[in-house]
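Asks: Submitted below is the structure of interest, expressed as C-alpha cells.
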Amino acid sequence: TARRLGLMRLYGLSDFNLKLGLSEDIDRENLRVVHKKLRKPIAAGRCSLRVDINGGWDAQATPQRVEELRHYGVCAVEQPVYCSAAELVELAGKCPLPLIADESLLSEDDARTLLGRARPDAGGKRKIWWNIRLSKNGGLGRTLRLMNIAAENAVPFTLGCMVGESSILSAVQRRALQLGPTPRFVEGNYGRFLLAGDILASRRSLKFGYGGRLRALPGGGLGVDVDEKKIGRYAKRVATLGA
Numbered sequence: 737t738a739r740r741l742g743l744m745r746l747y748g749l750s751d752f753n754l755k756l757g758l759s760e761d762i763d764r765e766n767l768r769v770v771h772k773k774l775r776k777p778i779a780a781g782r783c784s785l786r787v788d789i790n791g792g793w794d795a796q797a798t799p800q801r802v803e804e805l806r807h808y809g810v811c812a813v814e815q816p817v818y819c820s821a822a823e824l825v826e827l828a829g830k831c832p833l834p835l836i837a838d839e840s841l842l843s844e845d846d847a848r849t850l851l852g853r854a855r856p857d858a859g860g861k862r863k864i865w866w867n868i869r870l871s872k873n874g875g876l877g878r879t880l881r882l883m884n885i886a887a888e889n890a891v892p893f894t895l896g897c898m899v900g901e902s903s904i905l906s907a908v909q910r911r912a913l914q915l916g917p918t919p920r921f922v923e924g925n926y927g928r929f930l931l932a933g934d935i936l937a938s939r940r941s942l943k944f945g946y947g948g949r950l951r952a953l954p955g956g957g958l959g960v961d962v963d964e965k966k967i968g969r970y971a972k973r974v975a976t977l978g979a
C-alpha cells in the first residue's frame, strides 16, 4: 500500500479512494499507512481521502465505524452497507461523515429518493454524495441526466467506472466529461495501468496522464478504432440451432 501510494503521489495524483472491508487487521494497517503519508497534504487541502466499503459493514455498527474514520482524515464513506436508497438516507442521518451512494443509486428514481429524503445539513452540505457510472447507470444519456440532476441540486458526485473497463468506455467517459457538469472526483481511464491488453487497433490505450489529466476527444464520436481480432480472443463460439 505504501509503495503504490508513493508512486501515485509521484505521478501527481491528489484524490484517493481506499478500499476497506478486507479484514479488521488489514483495514487498520492500510488506514495507518495512508494516513501517515497523506496527513499533512490533507490538512493543507492538497489531498483528499475517501474509503469504499463495498457494502461490507452492517447498518448497526456503521455510525460508530464512520466516526472512527474521522481520525484518518476521511472526507466521505462509499456504500458502507448494501441497501436501498431510502435505507441509505436513514443511515446517513446517523453518520458524522457524508456517505456516497453507489449500489444504492441505480436509477433516476433512486436519485429522486436520495434528494427528497436527504436534506442538506445546517451548513448547506449534502449528507449523501453520488457515484455515477456509465455501465451501472445505463449508458451515456442516463449518466448525463444523473450528472445534471446532481449539479442542479449541489450534490458532490464521482464519475466512476467498473474495474477493467476497456478504452471504449474510457472514451465514453471522456465524452461525458465534455458534455456534462464537472464532477468532484473522476475514476476511470486506467487503460494499461490495469489491463494486460486493450482492444484498440492501435497499441495505445486511453489512460489518464500526469496528475490525472485527460485529453478531450476530437470530433463528434468516440474516436476509437476497435481491433476485431483482439475482441475475438475474449469471444465464445455460439451455435444457433433452427427450430
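Heads up: the sequence shown begins at 737 in our numbering, then just goes up one per residue. Think of the CB as a built atom: it goes at the ideal place given N, C-alpha and C, for glycine as much as any other residue.
Taking Thr798 as part of the alpha helix (DSSP H), name the residues at either end of that continuous run.
Replies: Working through the sequence shown from its first residue, we reach residue 798 at position 62. Run containing Thr798: Thr798 to Leu805, per the alpha helix (DSSP H) assignment.
Asks: Mapping the DSSP letters down to three states, classify Ser750 as helix, strand or coil.
Replies: One-based indexing of the sequence shown puts residue 750 at position 14. Ser750 falls in the coil class under three-state DSSP.
Asks: By Cβ distance below 7 Å, which residues in the same chain neighbour Ile789 in space, the five residues on each side in sequence not counted?
Replies: The count along the sequence shown starts at 1 and reaches residue 789 at position 53. Closer than 7 Å at Cβ, skipping near neighbours: Leu756, Gly757, Val813, Glu814, Gln815 and Pro816.
Asks: Out of Asp857, Gly860 and Ala837, which has the shortest C-alpha to C-alpha gap to Thr849?
Replies: Position 113 of the sequence shown, counted from the start, is the residue given in the question as residue 849. Among Asp857, Gly860 and Ala837, the Cα nearest to that of Thr849 belongs to Ala837.
Asks: If contacts are defined as beta-carbon pairs under 8 Å, then Asp999 and Leu936 qualify, I think. What distance do you get, rounded to the angstrom?
Replies: The question about residue 999 has no answer, for the chain in this structure spans 737 to 979.
Asks: Go through its chain and collect everything with a Cβ distance to Ser840's Cβ below 7 Å, but skip five positions before and after it.
Replies: Locating residue 840 in the sequence shown gives position 104, counting from the first residue. Only Gln815, Cys819, Ser820, Ala821, Leu824 and Asp846 meet the Cβ criterion.
Asks: For Arg869, which three-state DSSP category applies?
Replies: Counting from one through the sequence shown, the residue named residue 869 turns up at place 133. Three-state DSSP puts Arg869 in a strand.
Asks: Taking the alpha-carbon of Ile864 as reference, which of Ala828, Glu923 and Glu888 has the nearest alpha-carbon?
Replies: Counting from one through the sequence shown, the residue named residue 864 turns up at place 128. It is Ala828.
Asks: Nearest-angstrom Cα distance between Pro974 and Gly900?
Replies: On the sequence shown, residue 974 is found 238 positions in, with the first residue counted as 1. On the sequence shown, residue 900 is found 164 positions in, with the first residue counted as 1. The residue you asked about is not Pro; residue 974 is Val in the sequence shown. Val974 and Gly900: Cα-Cα distance of roughly 24 Å.
Asks: Closest to Gly859 by C-alpha separation, out of Ala890, Ile885 and Arg786, would be which residue?
Replies: Translated into the one-based positions of the sequence shown, residue 859 becomes position 123. Answer by Cα proximity: Ala890.
Asks: By how many angstroms is the C-alpha of Leu977 removed from the C-alpha of Phe893?
Replies: One-based indexing of the sequence shown puts residue 893 at position 157. One-based indexing of the sequence shown puts residue 977 at position 241. Cα-Cα distance, rounded: 47 Å.
Asks: Could you tell me if Thr798 is buried or exposed, where buried requires 16 or more neighbouring beta carbons within 10 angstroms of its beta carbon?
Replies: Within the sequence shown, the letter at position 62 stands for residue 798. Buried.
Asks: For Leu749, which residues in the same chain have their Cβ closer than 8 Å to its Cβ, ignoring the five residues on either side in sequence?
Replies: Translated into positions along the sequence shown, residue 749 becomes position 13. Excluding positions up to five away in sequence, the list reads Gly947 and Gly948.
Asks: Where do the N-terminal and C-terminal ends of the alpha helix (DSSP H) with Leu785 fall, by residue?
Replies: Numbered from its first residue, the sequence shown carries residue 785 at position 49. Leu785 -> not in any alpha helix (DSSP H); beta strand (DSSP E) instead, spanning Ser784 to Asp788.
Asks: At what residue ranges does the segment 820–858 contain a whole run of the beta strand (DSSP E), taking only runs of 3 or more?
Replies: Here the runs fully enclosed are 835–837.
Asks: From the DSSP secondary-structure annotation, give me the bridge partner or partners of Thr894.
Replies: Position 158 of the sequence shown, counted from the first residue, corresponds to residue 894. DSSP lists Asn867 and Phe921 as partners of Thr894.
Asks: So what does Leu936 bridge to, in DSSP terms?
Replies: Taking the sequence shown and counting its residues from 1, one reaches residue 936 at position 200. Paired residues: Val962.
Asks: Kindly list the residues whose CB is nearer than 8 Å to the CB of Asp761, restricted to its own chain and excluding five residues on each side of it in sequence; keep chain order.
Replies: For this step, residue 761 is matched to residue 25 along the sequence shown. If we look at Asp761 and ignore the five residues flanking it on each side, it has no Cβ neighbours.
Asks: Give the secondary structure of Ala780 by DSSP, where H, G and I count as helix, E and B as strand, and everything else as coil.
Replies: For the purposes of this step, residue 780 is taken as residue 44 along the sequence shown, with counting starting at 1. In the structure shown, Ala780 sits in coil (DSSP, three-state: anything other than H, G, I, E or B).
Asks: On the premise that Leu876 lies in contact with Arg911, defined as a C-beta separation below 8 Å, what is that separation, rounded to the nearest angstrom?
Replies: Position 175 of the sequence shown holds residue 911. Position 140 of the sequence shown holds residue 876. With a Cβ gap of about 7 Å, Arg911 and Leu876 count as contacting.
Asks: Going by DSSP, what residue range makes up the beta strand (DSSP E) through Val813?
Replies: As a working mapping, residue 813 is identified with position 77 in the sequence shown. It spans Ala812 to Glu814 - the beta strand (DSSP E) in which Val813 sits, taken as one unbroken run.
Asks: Out of Ala971, Asn884, Cys783 and Arg862, state which residue places its alpha-carbon closest to the alpha-carbon of Gly809.
Replies: To locate residue 809, count along the sequence shown from 1; it is residue 73. Closest option to Gly809, Cα to Cα, is Cys783.
Asks: Taking only three categories from DSSP, how would you classify Val974?
Replies: Looking up residue 974 in the sequence shown gives position 238. In this structure, Val974 counts as coil in the three-state DSSP scheme.
Asks: Just confirm the distance between the C-beta atoms of Ile868 and Leu851, as a whole number of angstroms; I'd bet it's less than 8 Å.
Replies: Numbered from 1 along the sequence shown, position 132 holds the residue referred to as residue 868. Numbered from 1 along the sequence shown, position 115 holds the residue referred to as residue 851. That pair is no contact at about 14 Å.
Asks: Measure from the alpha carbon of Leu953 to the alpha carbon of each residue in Trp793, Gly968, Glu804 and Ser906, then state which is nearest.
Replies: Here residue 953 corresponds to residue number 217 of the sequence shown, with the count starting at 1. Cα-wise, what sits closest to Leu953 is Ser906.
Asks: Does the distance from the C-beta atom of Val787 to that of Leu774 stay below 8 Å?
Replies: Working through the sequence shown from its first residue, we reach residue 787 at position 51. Working through the sequence shown from its first residue, we reach residue 774 at position 38. Cβ atoms of Val787 and Leu774: not closer than 8 Å.
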